[in-house]
Every structure is written in C-alpha cells, then in structure tokens.
Ligand SMILES: Nc1nc2c(ncn2[C@@H]2O[C@H](COP(=O)(O)OP(=O)(O)O)[C@@H](O)[C@H]2O)c(=O)[nH]1
Ligand SMILES: [Mg+2]
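Laid out in structure tokens, this is it:
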C-alpha cells in the first residue's frame, strides 16, 4: 500500500472518469444485490422478483430489518407508481434511504486551528490508507495538513505513516513504538497550532488486548483534545470495511456508544459483494457517511453521494 502515484487531472475529466469508474468499482456489490434481476428488460416487478430480491438483499448483508423495509416500500411503489420502470421504482425506494447520510465533511475556515480528524476503527479496515487519501484531498483543497502517528502499538504502523509523509512532504508527528498515543496526539496538536496547520489527522490503534481497552483508549484520546483546547474543532471519523458486512454495523454501534462518531468512511467497496451494508448503516445508525473507499490508490476515495451511488448500483451490466 501507499505506492500512490501522483496524478493530476483537470477537474472536468476527473469527474467523468470518477463516474465511469464508480460503477466499475461497485460491480461486485451490484451483482451481489441485484444479479440480473433487473436486466432482462423487465417491465414490471412481480412477486417472484420481489422474493428473489429479498433473498439477495439478505445475502448481501443488508440485514433483515432493512431488507423488510425495502421490500415493503417497493411493493407500495410498484402498486402506486405504475407508469415508471422497475429500475426507477427501485431508485425511488433506495435513494431516500441513503440521502439522509449524505453529509460532506467540511473543514471550517476557522481561526481556531488545527481542525482535528481523529481516525478510529479496528485493525485492517483501511485507516492508514484512508489517512493518506484524505491528506492528499485536503492539500488539493489548499489546506495545510499534519499527521499524528498515534497507532503506537505497531512499529510498522508508525513507519508506514512516516514513509508516506516523507514522500508527500507532510510532517508526521511520531514517537517511539509503544509510547502513549495520547501524548503523540497532544504533541501533534501543539505543533500544528504553533505552525498554523489547518488540519491534523491522527491515526490510532485498532487493536488492544480487548475491546474494552480499545474503547477506553479512544475515550482518553478524546478527552485529551478537550484538555488541549475545550473549543477544539474535530471530527471523529470511523473507518469501516464494507467487506465485513454486518460486523461493520456492530463495530459502528460499539464505537458510537463509547466515543461518539461524527462520520463514517466505508472502505473496500470495490472488493466485496457485501456493499449492501451501506443501507444497513444508513437505516440503523443515521451517522453521516463522509467518504467511500473504492480501491487502494490515492484517488480511490470519493465523497459519498447517494444519488451517484444508487445510479452506479443500478447500471445495467447487460445493456
Ligand atoms: N481494495 C481496497 N483495499 C483497501 C481500501 N482501503 C484500504 N485497503 C487495503 O486494506 C489493507 C489495510 O489497510 P490499512 O490502511 O493498513 O488498515 P489499518 O490497519 O486500518 O490502518 C491494505 O492492504 C490497504 O491497501 C479500499 O478502499 N479498497
Ligand atoms: Mg494502520
């Protein structure tokens, strides 16, 4: 990872290629959810289709509760809205489910710098990768960025961030392996304030020897932010691996209950048939989904856009 290539393209062409690649990248999720259910020039959604859809949604880890709701809404839509086609009817049901969680992460133009982005989540979900992508993104928006290597439990994690920071001319505040992660973040906050840095992104550990310890550590880090400055502006950003399906929902509930989560990044949507988890997250937690990760490269992070996402899911592969 972090073999990011520098790529600069014009905004217009970038947008076109974004749209093209989003549906490509979501191909597995799309097939998992809908198979060829809607690609046979279907003119109506009949009972057999509804039944197969129900099975598929459950298999795609949307969860029973959310699946039930989708099917009920779709039945009503089919009955009441007879002059549209099945794909349009499906969109009418799915889009309102995701729209409420489409809320972009915006870094306020504030005198009270830095804005702290505290990146949390269990091991392997893509925290460090996402931090690289985010740093680049903020820089492209003209913001100065600093990183804090507060995953001090794995030496490799510190090194990974340092190497990447060096390559991209971004200061990484780090201490030795095993040092107190709160101290690293506090140090980084002081340094970022002294240097008038706009955004400080902190990497954190994803595994302590048990779940309670992990949550306690996260709470402690959270409190340190208040100690540094009660008016510190921050985003607690939870990274979830879409490939873990319903497990991602469980993680989101745990982190939200113990530290409070402001936004979610749902990664690895490119490599899974379980992308349906996004509906479950939206439906059950209503936490903003800030970004989605659709690949390992630096540009493979997109702000979450409900309509684009649904459109990409409803592209007809056989057309
Ligand atoms: N396909 C794919 N892989 C990803 C994505 N985000 C992260 N990864 C990979 O997931 C693995 C773990 O990532 P890492 O950032 O080290 O996770 P961390 O332990 O949470 O910091 C790496 O191999 C990353 O390249 C994504 O959106 N798509
Ligand atoms: Mg990491």
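In this note's numbering, the protein residues as written are 30 to 348.
Cβ coordinates follow ideal geometry from the N, Cα and C atoms, glycine included.
Residue i to residue j span [Cα, whole Å]
i, j, result
"residue 328", "residue 181", "27 Å"
"residue 254", "residue 211", "9 Å"
"residue 337", "residue 345", "14 Å"
"residue 225", "residue 130", "32 Å"
"residue 264", "residue 219", "18 Å"
"residue 73", "residue 119", "11 Å"
"residue 342", "residue 60", "9 Å"
"residue 121", "residue 106", "8 Å"
"residue 3", "residue 84", "Residue 3 is absent from the structure shown; the chain starts at 30 and stops at 348."
"residue 205", "residue 185", "11 Å"
"residue 201", "residue 155", "18 Å"
"residue 308", "residue 275", "11 Å"
"residue 168", "residue 281", "28 Å"
"residue 368", "residue 117", "Within the shown structure, residues of the chain are numbered from 30 to 348, placing residue 368 beyond reach of any answer."
Member of the options whose CA lies at the smallest distance from the CA of residue i
i, options, result
"residue 55", "306, 277, 314 and 316", "306"
"residue 334", "345, 318 and 187", "318"
"residue 243", "98, 345, 131 and 152", "152"
"residue 283", "240, 148 and 112", "240"
"residue 230", "163, 196 and 245", "163"
"residue 247", "259, 217, 228 and 209", "209"
"residue 267", "274, 235 and 77", "235"
"residue 339", "123, 77, 277 and 173", "123"
"residue 320", "193, 127 and 292", "292"
"residue 288", "303, 150 and 312", "150"
"residue 303", "160, 310, 51 and 62", "62"
Under 5 Å from any heavy atom of ligand 2, by CB: list those residues in chain order, please. 156, 157 and 186
- Task: Would you check if there are 3 or more beta carbon pairs closer than 8 Å linking the region 137 to 156 to the region 81 to 95?
- Result: no
> Can we say the region 296 to 310 touches the region 270 to 285, given the rule of at least three CB pairs closer than 8 Å?
Replying inline: yes
Which parts of the region 232 to 265 are runs of the alpha helix (DSSP H), unbroken and 4 residues or longer, counting only runs that do not cross its ends? 240 to 257
Go through the region 56 to 90 residue by residue and report every complete run of the alpha helix (DSSP H) that reaches 4 residues or more, in order. 56 to 63 and 76 to 88
- request: Can you check the region 128 to 169 for any beta strand (DSSP E) of at least 3 residues that lies completely inside it and give the ranges in chain order?
  value: 144 to 149
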